[in-house]
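Step one of this worksheet: look at the structure below.
Below is the structure:
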């Protein structure tokens, strides 16, 4: 059963700089199925956290990769 | 559930969960499940959506969350803010990195949430049995007891809060101090000055004389030793009362 707690996806990325964030921002901001997202810039893995109730992890990975960045799922 | 309402729900519940005065989310969930089993819609929820959300919620693992919080504070106390990485934290708390990000948006979110909870605990402990209208001598004695007890019973939490106050988060830390705490402490001082039980000095001077000796004794106690060559040190009631007497002498007009 899908619940919101289950719908927080986290990924290891290389979104380290402001420029990187700027280029990914419109893609994630405008995505209708992404409610909220942020990158923990303090963390070494530049963790991307996405709140969604319908996207599968691989869809997010694909989106970020197509924008030219590294993105892989953090192991649960 | 629509996007916007889901955001509200998520934000609201994370907030509720972090506010110790409100029943923890797990309690709400159990309550909702109980209502659902009895086929009764509870009136306390804002909407049917929230109710359904609670019923579908994954039971929260409080043990895991506690371990994350405790270990995060230990890491910060031992290694500073830079020493706190989600990886290290996950390893020492025995959870996955992904689990930490379920509870917290990012590192700062975790740090501020810890700070808020511990500040509330600290102020509650400090106000125990305290009344701003107390005679100065009695009130300060109560404060010494309460403050020493909080430090000795919660060394990690107390040192964590101390670090927060001397960090770039200082401004945010002060925001978590409840107004009634600040008002109680100020009223206590104003009353004492009015009754001529306390010298009329600026607050900084008052605070340094009134509390710095206590915190130094507590630090000696936690180190287990005081000045070089003086051997083992333990804070006893006798030492505390003797110091407090001297402090009161100094503060009397």
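Chains as they are written, first to last, in my numbering: chain A, -6 to 69; chain B, 5 to 257. For glycine and all other residues, C-beta sits at the position ideal for the given N, C-alpha and C. Fair warning: this is a prediction, and the values are worked out from it, not measured in the lab.
For residue i and residue j, I'd like the C-alpha separation in whole angstroms.
i, j, result
"residue 233 of chain B", "residue 227 of chain B", "14 Å"
"residue 42 of chain B", "residue 184 of chain B", "41 Å"
"residue 10 of chain A", "residue 51 of chain A", "23 Å"
"residue 94 of chain B", "residue 166 of chain B", "24 Å"
"residue 27 of chain B", "residue 63 of chain A", "Because residue 27 of chain B carries a pLDDT of 48, less than 50, the predicted location of this residue cannot be relied on, and the following value inherits that uncertainty. Spanning the two alpha carbons is a distance of roughly 41 Å."
"residue 223 of chain B", "residue 39 of chain A", "37 Å"
"residue 10 of chain B", "residue 54 of chain B", "For residue 10 of chain B, the predicted model reports a pLDDT of 47, less than 50, meaning its position is unreliable and no value from the coordinates is stated."
"residue 18 of chain A", "residue 90 of chain B", "23 Å"
"residue 0 of chain A", "residue 101 of chain B", "15 Å"
"residue 99 of chain B", "residue 137 of chain B", "48 Å"
"residue 139 of chain B", "residue 87 of chain B", "45 Å"
"residue 173 of chain B", "residue 39 of chain B", "42 Å"
"residue 201 of chain B", "residue 158 of chain B", "32 Å"
"residue 249 of chain B", "residue 125 of chain B", "28 Å"
"residue 66 of chain B", "residue 107 of chain B", "11 Å"
"residue 229 of chain B", "residue 238 of chain B", "8 Å"
"residue 257 of chain B", "residue 80 of chain B", "42 Å"
"residue 251 of chain B", "residue 178 of chain B", "27 Å"
"residue 82 of chain B", "residue 6 of chain A", "28 Å"
"residue 71 of chain A", "residue 76 of chain B", "In the structure as shown, chain A starts at -6 and stops at 69, and residue 71 of chain A therefore has no counterpart that could be examined."
"residue 33 of chain B", "residue 236 of chain B", "51 Å"
"residue 68 of chain B", "residue 48 of chain A", "26 Å"
"residue 23 of chain B", "residue 187 of chain B", "Confidence at residue 23 of chain B is low in this model, with a pLDDT of 47, below 50, so the placement of that residue should be treated as unreliable; the coordinate-derived value is given next. Cα-Cα distance, rounded: 21 Å."
"residue 156 of chain B", "residue 212 of chain B", "20 Å"
"residue 115 of chain B", "residue 105 of chain B", "13 Å"
"residue 58 of chain B", "residue 197 of chain B", "53 Å"
"residue 25 of chain B", "residue 242 of chain B", "Confidence at residue 25 of chain B is low in this model, with a pLDDT of 42, below 50, so its placement is unreliable and no value can be given for it."
"residue 53 of chain A", "residue 73 of chain B", "29 Å"
Tell me the residue span of the alpha helix (DSSP H) that contains residue i.
i, result
"residue 70 of chain B", "66 to 83"
"residue 32 of chain A", "Not the alpha helix (DSSP H): residue 32 of chain A falls in the beta strand (DSSP E), residues 27 to 33."
"residue 66 of chain A", "No alpha helix (DSSP H) holds residue 66 of chain A; the beta strand (DSSP E) holding it covers 64 to 66."
"residue 16 of chain A", "11 to 22"
"residue 167 of chain B", "159 to 169"
"residue 191 of chain B", "183 to 198"
"residue 50 of chain A", "50 to 59"
"residue 235 of chain B", "Unbroken run through residue 235 of chain B: none, as it is neither H nor E."
"residue 107 of chain B", "101 to 107"
"residue 176 of chain B", "174 to 179"
Is residue i near the ligand SAM, with its Cβ less than 8 Å from a heavy atom?
i, result
"residue 138 of chain B", "The ligand SAM is absent from the structure shown, which contains no ligand whatsoever."
Using CA coordinates, which residue listed in the options is at the minimum distance from residue i?
i, options, result
"residue 244 of chain B", "B/219, B/256, B/257", "B/219"
"residue 119 of chain B", "B/151, B/85, B/198", "B/85"
"residue 207 of chain B", "B/143, B/193, B/200", "B/193"
"residue 149 of chain B", "B/214, B/254, B/58", "B/214"
"residue 24 of chain A", "A/13, A/43, A/12, A/14", "A/43"
"residue 132 of chain B", "B/146, B/142, B/141", "B/146"
"residue 240 of chain B", "B/204, B/152, B/212, B/160", "B/152"
"residue 191 of chain B", "B/180, B/168, B/221, B/143", "B/143"
"residue 128 of chain B", "B/114, B/231, B/154, B/141", "B/154"
"residue 171 of chain B", "B/92, B/187, B/254, B/112", "B/112"
"residue 210 of chain B", "B/253, B/182, B/246", "B/253"
"residue 27 of chain A", "A/66, A/58, A/41", "A/41"
"residue 135 of chain B", "B/195, B/70, B/176", "B/195"
"residue 14 of chain A", "A/37, A/66, A/33", "A/33"
Could you spell out where the beta strand (DSSP E) holding residue i opens and where it closes?
i, result
"residue 37 of chain A", "Where residue 37 of chain A is concerned, there is no enclosing beta strand (DSSP E), given that its DSSP letter is neither H nor E."
"residue 128 of chain B", "From DSSP, residue 128 of chain B is part of no beta strand (DSSP E) but of the alpha helix (DSSP H) over 111 to 130."
"residue 93 of chain B", "That residue, residue 93 of chain B, is in no beta strand (DSSP E); its alpha helix (DSSP H) goes 90 to 97."
"residue 205 of chain B", "Taken as a continuous stretch (DSSP letters only), residue 205 of chain B belongs to no beta strand (DSSP E), as it is neither H nor E."
"residue 2 of chain A", "1 to 6"
Legend entry - Residues of the segment 105 to 120 of chain B whose Cβ lies closer than 8 Å to any Cβ of chain A, in chain order: 105, 106, 109, 110, 111, 112
Legend entry - Near-chain B residues of the segment 4 to 29 of chain A - C-beta to any C-beta below 9 Å: 5, 25, 26, 27, 28, 29
Inset, instruction - Scan the segment 83 to 105 of chain B for residues whose Cβ lies nearer than 8 Å to a Cβ of chain A and list them as they occur along the chain. - result: 89, 90, 91, 100, 101, 102, 103, 105
Legend entry - Selection of the segment 36 to 64 of chain A by Cβ proximity to chain B, strictly under 8 Å: 36, 37, 38, 40, 42, 44, 46
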